[in-house]
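Protein sequence lines, in the order shown, are assigned to chains A and B. Residue numbers for the first sequence follow the numbering used here, so the first one is 84 and each next one is one higher. Residue numbers for the second sequence follow the numbering used here, so the first one is 354 and each next one is one higher. Even for Gly, the Cβ is constructed at its ideal location relative to N, Cα and C. Given the structure is predicted, the values throughout are model-derived calculations rather than measurements.
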Amino acid sequence: MDDRRSETFPLRRREIVLRLTRANDETLVISGLGSTAWDITSAGDRDLNFPLWGAMGGAISLGLGLALAQPQRRVLVITGDGETLMGMGSFATVAMQAPENLSICTFDNERYGETGMQSTHTAAKTDLAGVAAACGIATTGTVRTQDDFEAALPIILQAPGPVYHVIKVRAEKLDFVLPPKDGVHLKNRFRQALLGDGAIL
Amino acid sequence: MDWWTGIYEAIKQADVRQVAYVPDAGHAALIEACIADNGIRAIALTTEEEGVAVLAGAWLGGVRGALLMQSSGVGNCINMLSLAKTCQFPLPLFVTMRGQWHEFNPWQYPMGQTTGDTLNTAGVQTLTAVEPDDVGAMAAATLDHAFTGGGMSALLLHQRLAPVKTFGK
Chain A
84 MDDRRSETFP LRRREIVLRL TRANDETLVI SGLGSTAWDI TSAGDRDLNF PLWGAMGGAI
144 SLGLGLALAQ PQRRVLVITG DGETLMGMGS FATVAMQAPE NLSICTFDNE RYGETGMQST
204 HTAAKTDLAG VAAACGIATT GTVRTQDDFE AALPIILQAP GPVYHVIKVR AEKLDFVLPP
264 KDGVHLKNRF RQALLGDGAI L
Chain B
354 MDWWTGIYEA IKQADVRQVA YVPDAGHAAL IEACIADNGI RAIALTTEEE GVAVLAGAWL
414 GGVRGALLMQ SSGVGNCINM LSLAKTCQFP LPLFVTMRGQ WHEFNPWQYP MGQTTGDTLN
474 TAGVQTLTAV EPDDVGAMAA ATLDHAFTGG GMSALLLHQR LAPVKTFGK
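So this is what it looks like as structure tokens:
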């Protein structure tokens with residue numbers, strides 16, 4: 084295992100997230116806890132972001148429920164490799180439901196960023212795009228370079244889902260850009276923006 | 354009239370459109386009814402905790418859901434319940450009990466005997482149906498608590514309601 088290699092990966096997560104989340108204001112964006120929550124917030128805190136602060140392993144499942152509920156809207160899940168590893172069964176659940184509007188990206192820096200940058204299983208042997216493909220997700224890919232990313236971007240944003248991409252990003256310590264922490268607020272502002280004022284209990 | 358129809362009628366009445374589940378003998382007929390219903394998206398899970406997150410996503414998108422599981426599945430949900438608790442997502446659970454009544458498999462006792470306490474400790478309100486005639490009204494109350502109060506609410510379905518499983522012995 085080369086657990087230092089991700090320190091030299093060319094792609095930078097804060098640049099990638101800008102391209103993913105600013106392409107379309109209508110996109111419904113879910114993030115996992117930790118670094119990807121700070122990432123989507125660094126691109127601009129918006130009402131149609133739902134960043135998790137916990138519930139590790141739940142981001143993809145949450146995106147599935149949302150995608151099935153809102154079939155006309157693109158749902159983009161952006162999560163980390165550790166979060167993805169904790170909920171790998173959800174790839175099988177997504178494949179069975181096959182929502183065409185669901186796109187999932189794992190920002191894979193091969194580290195547990197919030198706990199001290201320890202190596203994850205992807206630094207050793209695990210190929211998450213391979214896992215997703217074997218679970219039945221028809222469109223998958225692993226993005227390692229800028230050229231890879233430019234080729235994958237239209238697929239991530241527009242191709243019939245479910246689609247899944249691993250985006251190998253540099254292991255780096257970045258500034259925290261924290262979204263609101265109040266879960267009820269995050270839920271209510273999302274529903275109000277998506278469904279209107281009548282959606283608030 | 355089978356008791357499970359009380360749950361089916363209650364979820365239809367409550368406008369539930371997503372039913373997430375891990376297959377279970379006690380819920381088998383209800384799951385089949387949900388799969389056959391064009392107004393319900395039946396979502397098979399690999400583990401019950403996925404369902405807690407799926408229903409949170411459904412609610413964000415304006416759709417009501419319910420989660421069906423066996424008592425052993427409650428243990429699989431514990432940390433994910435913090436999502437529903439912290440954000441006040443409605444979470445109606447329908448739990449078929451094991452380890453309670455002529456249980457053949459002792460491996461079901463530990464989770465079955467602590468299911469109610471575990472749910473209560475996690476902040477989930479529980480009702481227990483023992484008699485078939487009580488199931489429908491209790492199912493409606495469970496859904497009402499979840500959707501009108503934004504709460505976590507479970508109906509525990511006593512093992513007396515389910516066929517006794519003997520593994521051919």
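Contact note: LEU398/B reaches chain A through THR176, using a C-beta cutoff of 7 Å and chain order. Listed along chain B, the residues sitting closer than 7 Å to ALA282/A by beta-carbon distance are GLY415. Residue environment: THR91/A is assigned as exposed (fewer than 16 neighbouring CB atoms within 10 Å of its CB, all protein chains considered). Per DSSP, reduced to three states, the secondary structure at GLN466/B is helical. Here the alpha carbons of ALA494/B and THR162/A stand approximately 36 Å from one another. For ARG129/A, the closest Cβ of chain B is not nearer than 9 Å. The residues ASN429, in chain order, have a CB closer than 6 Å to that of THR400/B in the same chain once the five nearest residues on each side in sequence are set aside. Taking all protein chains shown into account, ALA492/B has 16 or more neighbouring C-beta atoms within 10 Å of its C-beta and is therefore buried. For LEU269/A, the residues of chain B that pass the 9 Å Cβ criterion are CYS440, in the order they occur in the chain. The beta-carbon of GLY428/B is placed no less than 9 Å from the nearest beta-carbon of chain A.
GLN180/A reaches chain B at ILE396, counting residues in chain order whose Cβ is nearer than 7 Å. Put simply, the backbone Cα of GLU385/B is about 11 Å away from that of ASP377/B. The beta carbons of LEU444/B and ALA482/B sit no closer together than 9 Å. Counting the other CB atoms within 10 Å of its CB gives HIS380/B a total of 16 or more, which places it among the buried residues. Under the Cβ criterion of 9 Å, LEU277/A is counted among the residues facing chain B. Under the DSSP assignment, ASP231/A falls in the alpha helix (DSSP H) whose first and last residues are 229–241. Between the region 354–367 of chain B and the region 256–275 of chain A there are fewer than three inter-stretch CB-CB distances shorter than 8 Å, so the stretches are not counted as touching. In the three-state reduction of the DSSP assignment, GLN180/A falls in the helix class. Under a criterion of Cβ atoms nearer than 9 Å, no residue of chain B is adjacent to ARG157/A; the nearest Cβ is some 12 Å distant.
In this structure the region 251–264 of chain A does not lie against the region 411–425 of chain B, because fewer than three pairs of beta carbons, one per stretch, are closer than 8 Å. The Cβ atoms of PHE232/A and ARG102/A sit closer than 9 Å to each other. For ARG96/A, the uninterrupted alpha helix (DSSP H) segment begins and ends at 96–104. Contacts with chain A at 9 Å (Cβ-Cβ) include GLU402/B. Sequence-distant Cβ neighbours of LEU147/A in its own chain, meaning closer than 8 Å and more than five residues away, are SER173, THR176, VAL177, GLN180, PRO182, LEU185.
Along the length of the region 412–461 of chain B, whole beta strand (DSSP E) runs at least 3 residues long occupy 417–423, 444–449, reported in chain order.
Its chain contains ALA382, LEU383 as the residues whose beta carbon lies nearer than 6 Å to that of TRP357/B, once the 5 sequence neighbours on both sides are disregarded; these appear in chain order. Look at LEU472/B here: in three-state DSSP terms it is helix. Across the region 463–477 of chain B, no CB contact with chain A closer than 9 Å is found for any residue. LYS251/A is bridged by DSSP to ASP191/A. With contacts defined by Cβ atoms closer than 9 Å, THR203/A and ALA215/A do not form a contacting pair.
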